[in-house]
Amino acid sequence: MKRVLSLILALALVCGLSSFALAEEVEYGDTLTVAVGQDPETLNPGIAAQNARYERLVYSGLVCLEGDQIVPDLAESWEVSDDGLVWTFHLRDNVYFTSSGKQLTAEDVKATYERFLDPDHPLVHSAKMDWIKEVRVVDDLTCEIVCHGPYALALSALSGHWGLILNADDIAEYGDDLGKSIESIDGTGPYILKEHIWNESYHFEANPDYFGGAPYIQNLDFVIIPDASSRTIALETGAVDLVCNVNPSDVSLLEGEGFPVVFTEANGQYLFLYNCSEQSVCHDPRVRLAINHAVDTEAIVNALYADVQGEVPNCFATMRDHGTLDLGVFPYDPELSKQLLAEAGYPDGVTIKLFASPTYSKNPETAEIVKQMCAEVGINIEITVGDNAAFMELFGHTPESFAEELGYDMFCMGQGPSDCDIGGYQGLYTSDPERNDSNYGFYSNAEVDELFEQQAVETNDEERVKLLNRLCEIMYLEDPVGLLIWNDKTPFVMNDRVLNFEGNVNIMGEINYRLLQVTA
Numbered sequence: 465m466k467r468v469l470s471l472i473l474a475l476a477l478v479c480g481l482s483s484f485a486l487a488e489e490v491e492y493g494d495t496l497t498v499a500v501g502q503d504p505e506t507l508n509p510g511i512a513a514q515n516a517r518y519e520r521l522v523y524s525g526l527v528c529l530e531g532d533q534i535v536p537d538l539a540e541s542w543e544v545s546d547d548g549l550v551w552t553f554h555l556r557d558n559v560y561f562t563s564s565g566k567q568l569t570a571e572d573v574k575a576t577y578e579r580f581l582d583p584d585h586p587l588v589h590s591a592k593m594d595w596i597k598e599v600r601v602v603d604d605l606t607c608e609i610v611c612h613g614p615y616a617l618a619l620s621a622l623s624g625h626w627g628l629i630l631n632a633d634d635i636a637e638y639g640d641d642l643g644k645s646i647e648s649i650d651g652t653g654p655y656i657l658k659e660h661i662w663n664e665s666y667h668f669e670a671n672p673d674y675f676g677g678a679p680y681i682q683n684l685d686f687v688i689i690p691d692a693s694s695r696t697i698a699l700e701t702g703a704v705d706l707v708c709n710v711n712p713s714d715v716s717l718l719e720g721e722g723f724p725v726v727f728t729e730a731n732g733q734y735l736f737l738y739n740c741s742e743q744s745v746c747h748d749p750r751v752r753l754a755i756n757h758a759v760d761t762e763a764i765v766n767a768l769y770a771d772v773q774g775e776v777p778n779c780f781a782t783m784r785d786h787g788t789l790d791l792g793v794f795p796y797d798p799e800l801s802k803q804l805l806a807e808a809g810y811p812d813g814v815t816i817k818l819f820a821s822p823t824y825s826k827n828p829e830t831a832e833i834v835k836q837m838c839a840e841v842g843i844n845i846e847i848t849v850g851d852n853a854a855f856m857e858l859f860g861h862t863p864e865s866f867a868e869e870l871g872y873d874m875f876c877m878g879q880g881p882s883d884c885d886i887g888g889y890q891g892l893y894t895s896d897p898e899r900n901d902s903n904y905g906f907y908s909n910a911e912v913d914e915l916f917e918q919q920a921v922e923t924n925d926e927e928r929v930k931l932l933n934r935l936c937e938i939m940y941l942e943d944p945v946g947l948l949i950w951n952d953k954t955p956f957v958m959n960d961r962v963l964n965f966e967g968n969v970n971i972m973g974e975i976n977y978r979l980l981q982v983t984a
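Numbering of the sequence shown is given in our numbering, commencing with residue 465 and proceeding in unit increments.
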């Protein structure tokens, strides 16, 4: 009798759970609304890294980065010649551009990369592709990329947003205007751009013929909301489902209100970059080291960035970048700081002019703490706080005009290689005029230049990592590029409609929108 009763109870329990499951069956929606802070001027891949969030929705590359692995995208497979000079890519068959309906061929790959080889129309990030000598079409679905010499970062470069493949017909028709209008944007990605209202919104629709499988969400809307607090309000009121670039001070508030918060494993860092030109007092590495030893970065992170799970830097790059070496938290040593200042010729102290901006979260507050700490060792920090327009004015100057017109010895900056490899920093920190397209701090170190050149052609990864490790030691401990403050773990906040949220490791903390789902 007991056994019979047990079976009856078990059957009743199973039936009850089945009824509950049926009652709780998820009903999915077809629209996701995302709040973002900026509207890009163009969706022409290669112009600006911050536009990659949108570009990857409509375009595809030969390869792409998933986590820290390079995987096939438009190319099903590839091989490299024994001498490392020729990369052969085999394209997927039956891939079509969404707007024109034209089939993707090797001619589109050739036209895309030849843009980077035209010296009369260099793109901002053309140095990322200057390893390419020529692109040859073997047949419709096979192309060869010929290098000037062996290049270890070839696949990494192709996985970046500058590697996204365009329609050759659009390149010929629109030239430099490609990406500035809907009709000039024709890709092979998971979404199709259908509407763009300048400084207001983007509307994308799912590509039902996407070779990787149609996205779950049919309509993907981006709403441009420059003010971080306004983005938070939009989430609270239900105007949006997901917020990028959340105000760190709002994270705990939103968590308390029941909104799910996800911290993606980004590889971005925030720092005050040094002006290393001869016109600045920070030209002397002893002054830079003195500042770094005077600042307790761990205390700053704990005070200002704990709510966004900010990490204390332990190297010149994050541990999510290939070739990083864990060197520990930079030593807080006020006495050593004073000694270095005296050795540099400033026994009575020195004045440093610093630019801070709310463009980066809590950056002005960080600057004030840095000022207080540095004052204890005789370093007088004079702070100028400017908005985003003033921040953008910092770039594109010569060393002379930067020091004399702007006058800053340090300024706020974010950094992180989008290919998650230390070698990706070459454009930021080499003094080679052919490669230093983004060396905003005029950093110059002969050993660093040589190491960057060596790692680029070293195809033995074990030996290459040794070169990258040495780069980390120099730029972090010996001849620092900046005062590193914190490592980013990008927070995204959403409502409970959002399912299957998945971040990707890179400086933008990209989201895999193709796998997202929402409830009705």
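We put the CB at the ideal spot given by N, CA and C, even for glycine.
Note that the structure is a prediction, hence the values are computed from the model and not measured.
Where do the N-terminal and C-terminal ends of the alpha helix (DSSP H) with histidine 757 fall, by residue?
One-based indexing of the sequence shown puts residue 757 at position 293. From DSSP, the alpha helix (DSSP H) with histidine 757 extends over 749–758.
Looking at C-beta atoms only, is the number of pairs between the stretch 883–894 and the stretch 777–793 that lie closer than 8 Å three or more?
Three or more Cβ pairs closer than 8 Å define a contact, and the stretch 883–894 meets that threshold against the stretch 777–793.
Can threonine 761 and asparagine 951 be called in contact, C-beta distance under 7 Å?
Your numbering for residue 761 matches position 297 in the sequence shown. Your numbering for residue 951 matches position 487 in the sequence shown. Contact check for threonine 761 against asparagine 951 fails: the beta carbons are separated by 7 Å or more.
Pair every Cβ in the stretch 909–919 with every Cβ in the stretch 763–773, then say whether three or more of these pairs are closer than 8 Å.
Result no; under three Cβ-Cβ pairs closer than 8 Å.
Buried/exposed call for glutamine 879, threshold 16 Cβ in 10 Å
Counted from its first residue, the sequence shown places residue 879 at position 415. The residue in question, glutamine 879, is buried, as its Cβ has 16 or more Cβ neighbours within 10 Å.
Residue from Gln773, Arg579 and Met856 whose Cα sits closest to the Cα of threonine 954:
Locating residue 954 in the sequence shown gives position 490, where the first residue counts as 1. It is Gln773.
Using the beta-carbon count (16 or more within 10 Å), is histidine 612 buried or exposed?
For the purposes of this step, residue 612 is identified with residue 148 of the sequence shown, where counting begins at 1. With fewer than 16 other Cβ atoms within 10 Å, it is exposed.
In three-state terms, what does DSSP make of tryptophan 662?
Residue mapping note: residue 662 aligns to position 198 of the sequence shown, counting from 1. DSSP places tryptophan 662 in coil when its eight states are reduced to three.
Assigned exposure category for aspartate 873 - 16 Cβ within 10 Å defines buried
To locate residue 873, count along the sequence shown from 1; it is residue 409. By the neighbour-count criterion, in which 16 or more other beta carbons inside 10 Å mark a residue as buried, aspartate 873 falls on the buried side.
Kindly indicate which three-state DSSP category glutamate 608 falls into: helix, strand or coil?
For the purposes of this step, residue 608 is taken as residue 144 along the sequence shown, with counting starting at 1. In this structure, glutamate 608 counts as strand in the three-state DSSP scheme.
Tell me whether proline 795 is buried or exposed, calling it buried when 16 or more other Cβ atoms sit within 10 Å of its Cβ.
For this step, residue 795 is matched to residue 331 along the sequence shown. The residue in question, proline 795, is exposed, as its Cβ has fewer than 16 Cβ neighbours within 10 Å.
Along the chain, which unbroken stretches of the beta strand (DSSP E) at least 3 residues long are found entirely within the stretch 889–925?
List check, beta strand (DSSP E) in window: nothing returned.
From Tyr824, Glu807 and Pro679, residue whose alpha carbon lies closest to that of proline 712
Against the sequence shown, residue 712 aligns to sequence position 248. For the options Tyr824, Glu807 and Pro679, the alpha carbon positioned closest to that of proline 712 is the one of Tyr824.
Compare the C-alpha of aspartate 673 against each of Cys740, Glu721, Glu571 and Lys566 and name the closest.
What you label residue 673 is simply residue 209 of the sequence shown in a count that begins at 1. Residue Lys566 is the option with its Cα nearest to aspartate 673.
Which same chain residues end up closer than 6 Å to glycine 722 when comparing Cβ atoms and leaving out the 5 residues on each side of it in sequence?
Taking the first residue of the sequence shown as 1, we reach residue 722 at position 258. No residues qualify anywhere along the chain.
Does DSSP classify alanine 632 as helix, strand or coil?
As a first step, residue 632 is located in the sequence shown; it is residue number 168 there, counting from the start. Alanine 632 carries a helical assignment under DSSP once its states are collapsed to helix, strand and coil.
Please list, in chain order, all residues of the same chain as arginine 961 whose beta carbon is under 6 Å from its beta carbon, the five residues on each side excluded.
Your numbering for residue 961 matches position 497 in the sequence shown. Only Asp705, Val982 and Thr983 meet the Cβ criterion.
Looking at C-beta atoms only, is the number of pairs between the stretch 539–557 and the stretch 636–646 that lie closer than 8 Å three or more?
Fewer than three pairs of CB atoms, one per stretch, sit closer than 8 Å, so the stretch 539–557 makes no contact with the stretch 636–646.
State the Cα-Cα distance for the pair tyrosine 577 and methionine 593, rounded to the nearest angstrom.
Mapped onto the sequence shown, residue 577 falls at position 113. Mapped onto the sequence shown, residue 593 falls at position 129. Tyrosine 577 and methionine 593: Cα-Cα distance of roughly 8 Å.
Would you kindly work out how many angstroms separate the C-alpha atoms of leucine 486 and glycine 967, rounded to a whole number?
The count along the sequence shown starts at 1 and reaches residue 486 at position 22. The count along the sequence shown starts at 1 and reaches residue 967 at position 503. Caution is warranted here: a pLDDT of 40 is assigned to leucine 486, below 50, making its placement in the model unreliable, and no coordinate value can be reported.
What is the DSSP secondary structure of methionine 593, counted as helix, strand or coil?
Residue numbering aside, residue 593 sits at position 129 when the sequence shown is read from its first letter. Here methionine 593 sits in helix by DSSP.
Collapsed DSSP secondary structure at histidine 861 in the structure displayed
As a first step, residue 861 must be located in the sequence shown, where it is residue number 397. Here histidine 861 sits in coil by DSSP.
Aspartate 957 and valine 725 closer than 7 Å at C-beta:
For this step, residue 957 is matched to residue 493 along the sequence shown. For this step, residue 725 is matched to residue 261 along the sequence shown. Position check: residue 957 holds valine in this sequence, whereas aspartate was assumed. Yes, they are a contact pair.
Out of Gly651, Ser665, Leu699 and Pro690, which one is the CA nearest neighbour of asparagine 671?
Here the question's residue 671 lines up with position 207 in the sequence shown. Answer by Cα proximity: Gly651.
Considering only the alpha carbon of each residue, which of Cys876, Lys930 and Leu718 lies closest to alanine 820?
For the purposes of this step, residue 820 is taken as residue 356 along the sequence shown, with counting starting at 1. Here the closest residue by C-alpha is Cys876.
Is DSSP giving phenylalanine 561 helix, strand or coil here?
Here residue 561 refers to the residue found at position 97 of the sequence shown. Phenylalanine 561: coil per DSSP, three-state reduction.
8 Å contact criterion, which valine 687 and threonine 497 should meet: CB distance rounded:
Here residue 687 is taken as the residue at index 223 of the sequence shown, counted from 1. Here residue 497 is taken as the residue at index 33 of the sequence shown, counted from 1. 6 Å between Cβ atoms; contact.
Measuring straight from C-alpha to C-alpha, what distance separates glycine 639 and isoleucine 656?
In the sequence shown, counting from the first residue as 1, residue 639 sits at position 175. In the sequence shown, counting from the first residue as 1, residue 656 sits at position 192. Rounded to the nearest angstrom, the two C-alpha atoms are 21 Å apart.
Should leucine 477 be labelled buried (16 or more other beta-carbon atoms within 10 Å of its own) or exposed?
For the purposes of this step, residue 477 is taken as the residue at position 13 of the sequence shown. With a pLDDT of only 43 at leucine 477, under the threshold of 50, the placement of this residue in the model should not be trusted; the figure read from the coordinates follows. Residue burial annotation: leucine 477 is exposed, with fewer than 16 other C-beta atoms found within 10 angstroms of its C-beta.
Whose CA, out of Phe906, Pro811, Ala575 and Glu669, lies closest to the CA of leucine 737?
The count along the sequence shown starts at 1 and reaches residue 737 at position 273. Here the closest residue by C-alpha is Phe906.
Using the rule of at least 16 other Cβ atoms within 10 Å of the residue's Cβ for burial, across every protein chain shown, is proline 811 buried or exposed?
Start at 1 with the first residue of the sequence shown, and residue 811 comes out as number 347. By the neighbour-count rule (16 or more Cβ atoms within 10 Å), proline 811 is not buried but exposed.
So, helix, strand or coil for tyrosine 655, using DSSP?
The residue labelled residue 655 in the question sits at position 191 within the sequence shown. In the structure shown, the three-state DSSP call for tyrosine 655 is strand.
So, are the CB atoms of leucine 818 and alanine 754 less than 7 Å apart?
By 1-based counting over the sequence shown, the position of residue 818 is 354. By 1-based counting over the sequence shown, the position of residue 754 is 290. Cβ atoms of leucine 818 and alanine 754: not closer than 7 Å.
Out of curiosity, what's the CA-to-CA distance linking arginine 520 and leucine 931?
Within the sequence shown, the letter at position 56 stands for residue 520. Within the sequence shown, the letter at position 467 stands for residue 931. Computed Cα separation, rounded: 31 Å.
Is the beta carbon of aspartate 883 sitting closer than 7 Å to the one on asparagine 909?
On the sequence shown, residue 883 is found 419 positions in, with the first residue counted as 1. On the sequence shown, residue 909 is found 445 positions in, with the first residue counted as 1. No, Cβ-Cβ distance for aspartate 883 and asparagine 909 is not below 7 Å.
Which of the three DSSP states is assigned to leucine 866 in this structure?
Against the sequence shown, residue 866 aligns to sequence position 402. It should be noted that the sequence gives phenylalanine, not leucine, for residue 866. In the structure shown, phenylalanine 866 falls within a helical segment according to DSSP collapsed to helix, strand and coil.
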